[in-house]
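Q: Following this message is one structure expressed as structure tokens.
Residue numbers (my numbering): 123 to 186.
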């Protein structure tokens, strides 16, 4: 396991982990938040293998 110490805003860590999808690259961490676990799981399945920009567009289209 690799942990990177940082300060996470309370609004983020208050959200149930099953409602968050987390993506990271060499210089970015993205957290997408969903209304329910089913939407989160569907997002993960549909966006597997996508780059960040593609995931952002998919999220904007279907969940925003």
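The C-beta atom is built at its ideal place from N, Cα and C for all residues, glycine as well. It should be emphasised that the depicted structure is a prediction, and the values quoted were computed from it without experimental measurement.
1. Tell me which residue opens and which closes the alpha helix (DSSP H) that residue 179 is part of.
2. Write down the C-beta distance between residue 153 and residue 144 rounded to the nearest angstrom, noting that I regard them as a contact closer than 8 Å.
3. Answer with buried or exposed for residue 150, where buried requires no fewer than 16 other C-beta atoms within 10 angstroms of its C-beta.
4. Ignore the nearest five residues each way along the sequence and tell me which others in residue 169's own chain have a CB closer than 6 Å to its CB.
5. Applying the criterion that 16 or more other CB atoms from any shown protein chain within 10 Å of the CB defines a buried residue, is residue 162 buried or exposed?
A: Quick answer:
1. Counted as a single uninterrupted DSSP element, the alpha helix (DSSP H) harbouring residue 179 occupies residues 174 to 184.
2. Correct: roughly 5 Å between the Cβ atoms.
3. Residue 150 is exposed by the Cβ-count criterion.
4. Annotation for residue 169: 177, 180 place their beta carbon closer than 6 Å to its own, counting only its chain and skipping 5 residues before and after.
5. Per the 10 Å Cβ criterion, buried.
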